[in-house]
Amino acid sequence: MSCGKNNGKRDIEGCVCEAVENILAEQEAVEENCPTSCFSNLLSPSALPGKDTIPFLLFDKKGKLFSAFGNVGGFLDDMTCFETIFFRVEGLRGCCATLKLLKPVDVEGDTLSVCDPCAEDFFGLEKSDFCIEVDLECFCAIQCLSPELVNRVSPMSKKKHHHG
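In short: position in the sequence shown from 1, add 198, done, that's my numbering.
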């Protein structure tokens with residue numbers, strides 16, 4: 199079990215593993231006390247048609263947010279390297295997960311590096327082409343976020359599709 203404790207119970211996985219398994223099941227499948235609980239139906243088709251991603255944050259054993267880097271060297275898209283704390287589960291093998299980095303963007307659709315979910319310029323998320331492999335047992339907490347953050351369209355922007 200995560201956080202180095204299993205209290206003598208061998209058949210119980212860590213809660214982060216269990217939450218990520220649940221997120222993956224809900225994403226593949228495209229009831230609530232807490233609307234963004236990782237165990238509620240965040241992708242209810244009636245509530246969010248066309249959404250297929252449950253973004254989430256991971257916290258290490260010291261309570262710090264986990265981050266990863268995408269587009270290192272600036273080879274793709276807008277050529278901007280970014281740091282992100284936002285992830286989407288792509289695959290799971292036991293407690294080893296392939297996570298897709300979700301690229302933070304500002305209200306104009308420009309790439310940001312975000313290490314604080316309350317960052318002033320942060321507006322939404324876009325799927326990226328970058329993934330990271332993680333051992334979910336290394337994390338103690340997971341926080342699910344609204345699927346509406348992904349591909350969020352600004353009421354004041356004309357969503358960029360091409361540069362120049």
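Don't be surprised by glycine CBs; every beta carbon is placed ideally from N, CA and C.
- For V348, the beta-bridge partners assigned by DSSP are L323.
- Three or more Cβ pairs closer than 8 angstroms define a contact, and the region 346 to 355 meets that threshold against the region 320 to 330.
- Under a 10 Å Cβ-count criterion, E306 is classified as exposed, with fewer than 16 other Cβ atoms of the shown protein chains found around its own Cβ.
- Within the DSSP bridge table, the entry for K301 names E324 as partners.
- Closest in C-alpha terms to R291, from the list D333, C279 and F254, comes D333.
- Here E281 is not near S235, since their CB atoms are 8 angstroms or more apart.
- For C329, the CB contacts under 8 angstroms within the same chain, skipping 5 residues up- and downstream, are E288, T296, L297, K298 and L299 in chain order.
- Between the C-alpha atoms of E224 and L240 there is a straight-line separation of about 8 angstroms.
- Here I340 is not near A227, since their CB atoms are 8 angstroms or more apart.
- About 7 angstroms separates the Cβ atoms of F285 and P253, confirming a contact at the 8 angstroms cut-off.
- For A217, the enclosing alpha helix (DSSP H) stretches over residues C213 to A227.
- Relative to the Cα of D275, the nearest Cα in the group N220, T309, L222 and F267 belongs to T309.
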